[in-house]
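J.:
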Amino acid sequence: MPLGYKKDGNKKTIIDETTKPVIERIFTMYLEGKSFQQISNIFNEEELLKPKKWKDTTIQKIIDNKIYMGDYEQFKRIAKNKQIEPVVYMNVVEPIISRAVWEECQHQKEKNQRTYTRDRVYLFFQKIKCPTCSRIMKCKGSGGKKKKYMYYNCEKCHLNFREDKIEELLTSFIYDMVEYDMAVKKYFLPILADNKPTKTDDIDKEIKGLEKQKERIKKAYMSGIVEMEDFSADYKLIEDKLEILKQKKNEILDLDSITFNPQQLMADRDIERETMIRLDTLNSVVKSNWENKSKEEKQEFISKLVESINITQDSNKVLHLEKINFRKIFVDMLAKLLDKGIFEVMIPCEINGKEDVILGTPNISDKQVQDYLDRLNEYYETKLYLLYEENDGNGEFIPKKDEQVIKILPISSQSSTTKSPIDKEDNYIQYGIVTYNPNKTKARVLNGECDYATS
Ligand SMILES: [Zn+2]
Numbered sequence: 172m173p174l175g176y177k178k179d180g181n182k183k184t185i186i187d188e189t190t191k192p193v194i195e196r197i198f199t200m201y202l203e204g205k206s207f208q209q210i211s212n213i214f215n216e217e218e219l220l221k222p223k224k225w226k227d228t229t230i231q232k233i234i235d236n237k238i239y240m241g242d243y244e245q246f247k248r249i250a251k252n253k254q255i256e257p258v259v260y261m262n263v264v265e266p267i268i269s270r271a272v273w274e275e276c277q278h279q280k281e282k283n284q285r286t287y288t289r290d291r292v293y294l295f296f297q298k299i300k301c302p303t304c305s306r307i308m309k310c311k312g313s314g315g316k317k318k319k320y321m322y323y324n325c326e327k328c329h330l331n332f333r334e335d336k337i338e339e340l341l342t343s344f345i346y347d348m349v350e351y352d353m354a355v356k357k358y359f360l361p362i363l364a365d366n367k368p369t370k371t372d373d374i375d376k377e378i379k380g381l382e383k384q385k386e387r388i389k390k391a392y393m394s395g396i397v398e399m400e401d402f403s404a405d406y407k408l409i410e411d412k413l414e415i416l417k418q419k420k421n422e423i424l425d426l427d428s429i430t431f432n433p434q435q436l437m438a439d440r441d442i443e444r445e446t447m448i449r450l451d452t453l454n455s456v457v458k459s460n461w462e463n464k465s466k467e468e469k470q471e472f473i474s475k476l477v478e479s480i481n482i483t484q485d486s487n488k489v490l491h492l493e494k495i496n497f498r499k500i501f502v503d504m505l506a507k508l509l510d511k512g513i514f515e516v517m518i519p520c521e522i523n524g525k526e527d528v529i530l531g532t533p534n535i536s537d538k539q540v541q542d543y544l545d546r547l548n549e550y551y552e553t554k555l556y557l558l559y560e561e562n563d564g565n566g567e568f569i570p571k572k573d574e575q576v577i578k579i580l581p582i583s584s585q586s587s588t589t590k591s592p593i594d595k596e597d598n599y600i601q602y603g604i605v606t607y608n609p610n611k612t613k614a615r616v617l618n619g620e621c622d623y624a625t626s
């Protein structure tokens, strides 16, 4: 039985909740850029699932095994030419990881086979594309007594890009991603969680089984059947598994007890963000979040989000960012948020003659607007202005002196109950512009500590 699965009473292959987290971790760590060897070293150090010994090949086999996305692959010998060919049966067991993640990992493996340099940690490991031949550039560190630089190099085209220059070039993009990541971690995780049935029956059953097992080996030890050494190893393994299961059960129960509404979460995030902007701490909080990461953490962060980066160099050897390709799993996450009316776009606009950028959302319904405003009103005195903009024209909005624009909400016209002053139904976009009075925030925000930084 592959790790992460077990047989139930009816010989059906089901997920083993005690070892499932190990599988999830292996795939995550691999996507973060760790090698098979590095992952097995970490697990041996942690004595994970002791007495199991982890080898790089163990990890590789797990990454390669299609079972983790639900498919069963069988190798059949074709009688005539004695060739062995794989036959794949799709969706035969419950998957532990998504198809997208499995495929990302295979993709990562191909890259790793092509360029393998891992003597140091490189921020953009396997990410920078050569502008001339579009191969992934190799990582290199320059030695010698001089100041050491890290490079990304294409041997074929004789091109070198310095890592610190690339990081500099990508700073504002990285800060946007860091801010986004912080918001997701703090507010939007419940939206991204899989909507699996949150029953604890299976886990309860498993806990019961393990407790019985514990009793059994205790008895075996007491009656002298089992040696002390074997007993304590087995006993500890069961205890560890029980611990994981109990934690898991608590998590499920916790998640169940939280009722949340995406628009309320969005309002909470906006209130905090607005507070930080007013106190002028947003940029420094984001900056220090990035700078306090270790180099490994930075590399993992980039690796998880980014598939590849296209950079060019002009005749003055100045680098230019051409394109960032995101990983599919990241794009899927954005799509999920978009679906709930959360994903935001920066809308450039002119406010009081000053160019500005305001967060906007994709079209949301009247009801969603109301949920958002209700929450915001607990902290601010808000006003909602409706603006109708013809598709090709420019809408104009001038906030009053004591008003601050916090959000632009394109309201979907199908769901809208408000009458449009423009007859041509299809030819306008309805915007809700939400403002608040920064001098009249309600007590909680004024006294409230901004805990963005500590989370
Ligand atoms: Zn090249």
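Residue numbers for the sequence shown, in my numbering: 172 to 626. Ideal placement from N, C-alpha and C gives every residue a C-beta, glycine not left out. Computed from a predicted model, the values in this text were never measured in an experiment.
1. Let me check one thing: in DSSP terms, what residues is V349 bridge-paired to?
2. When you compare only the Cα positions, how much space is there between I442 and D537?
3. Quick one: measure Cβ to Cβ for S474 and F296, integer angstroms, because I've assumed they're closer than 8 angstroms.
4. Quick check on this structure: which residue in L174, K327, K282, K247 has the alpha carbon closest to the alpha carbon of P266?
5. Is I234 near I197, with beta carbons less than 8 angstroms apart?
6. Between C328, L294, T371, which lies nearest to L341 when the distance is taken from Cα to Cα?
7. Whole angstroms are fine: how far does the CA of E468 sit from the CA of E350?
8. Since P570 sits in a beta bridge, which residues does DSSP pair it with?
9. Taking the Cβ atom as the reference point for each residue, do T189 and K412 lie within a distance shorter than 8 angstroms?
10. Please name the residue or residues paired with N452 in a DSSP beta bridge.
11. Does the beta carbon of R449 fall short of 7 angstroms from some heavy atom of ligand 1?
12. In three-state terms, what does DSSP make of D563?
13. For R546, report the span of its alpha helix (DSSP H) as first-last.
14. What are the boundary residues of the beta strand (DSSP E) that G312 is part of?
15. Closest by CA to I582, which one among Y201, Q575, K571, Y559?
16. For the alpha helix (DSSP H) containing S474, name the first residue and the last one.
17. According to the neighbour-count rule (16 or more other Cβ atoms, all chains shown, within 10 Å of its Cβ), is Y556 buried or exposed?
18. Going by other Cβ atoms of all chains shown within 10 Å of its Cβ, with 16 needed for buried, is G512 buried or exposed?
19. Less than 8 angstroms between the CB atoms is what I'm expecting for I255 and I230, so what's the real figure, rounded?
20. Can you list, in chain order, the residues of its chain whose CB lies under 8 angstroms from that of G312, leaving out five sequence neighbours each side?
21. Near K499, what residues of its chain come up, given a Cβ to Cβ distance below 7 angstroms and the 5 sequence neighbours on each side ignored?
22. What distance in whole Å lies between the Cβ atoms of E244 and V259, which are believed to be in contact at a cut-off of 8 angstroms?
23. Less than 8 angstroms between the beta carbons of E493 and N481, yes or no?
24. Go through its chain and collect everything with a Cβ distance to M348's Cβ below 8 angstroms, but skip five positions before and after it.
25. Going by other Cβ atoms of all chains shown within 10 Å of its Cβ, with 16 needed for buried, is T228 buried or exposed?
26. What do you reckon, is the C-beta of C325 under 7 angstroms from a heavy atom of ligand 1?
T.: Working from what's here:
1. Bridge partners of V349: none, in fact.
2. C-alpha separation (whole angstroms): 20 angstroms.
3. Rounded to whole angstroms, the Cβ separation of S474 and F296 is 7 angstroms, and the two are in contact under 8 angstroms.
4. Looking at the Cα atoms, L174 is the closest of the given residues.
5. In this structure, I197 lies closer than 8 angstroms to I234 by Cβ.
6. Here the closest residue by C-alpha is L294.
7. Taking the straight line from one Cα to the other gives about 15 angstroms.
8. None; P570 has no bridge partner.
9. Between T189 and K412, the C-beta spacing is below 8 angstroms.
10. The amino acid at residue 452 is misidentified as Asn; the sequence shows Thr. Its beta-bridge partners do not exist; DSSP assigns none.
11. No, ligand 1 has no heavy atom inside 7 angstroms of this Cβ.
12. Bear in mind that a pLDDT of 47 at D563, under 50, signals an unreliable position, so the model cannot answer this.
13. The continuous alpha helix (DSSP H) containing R546 extends over residues 537–548.
14. 309–312 is the extent of the beta strand (DSSP E) around G312.
15. Ranking Y201, Q575, K571, Y559 by Cα distance to I582 puts Y559 first.
16. Here the alpha helix (DSSP H) through S474 covers 466–476.
17. Counting Cβ neighbours within 10 Å, Y556 comes out exposed, since fewer than 16 surround it.
18. By the 10 Å Cβ count, G512 comes out buried.
19. Not quite, the Cβ-Cβ distance comes to about 23 angstroms (not below 8 angstroms), so this is no contact.
20. Residues D290, R291, K319, Y320, M321, Y322 of the same chain have their beta carbon placed closer than 8 angstroms to that of G312, with the five preceding and five following residues left out of the count.
21. Taken in chain order, the residues that qualify are A271, E275.
22. Taking 8 angstroms as the upper bound for CB-CB distance, V259 and E244 are in contact here, some 5 angstroms apart.
23. Yes; because the gap between Cβ atoms is below 8 angstroms, this pair is in contact.
24. Taking M348 as the centre and dropping the five residues before and after it, the same chain places the C-beta of F472, L476 closer than 8 angstroms to its C-beta, in chain order.
25. By the 10 Å Cβ count, T228 comes out exposed.
26. Result yes, Cβ under 7 angstroms from ligand 1.
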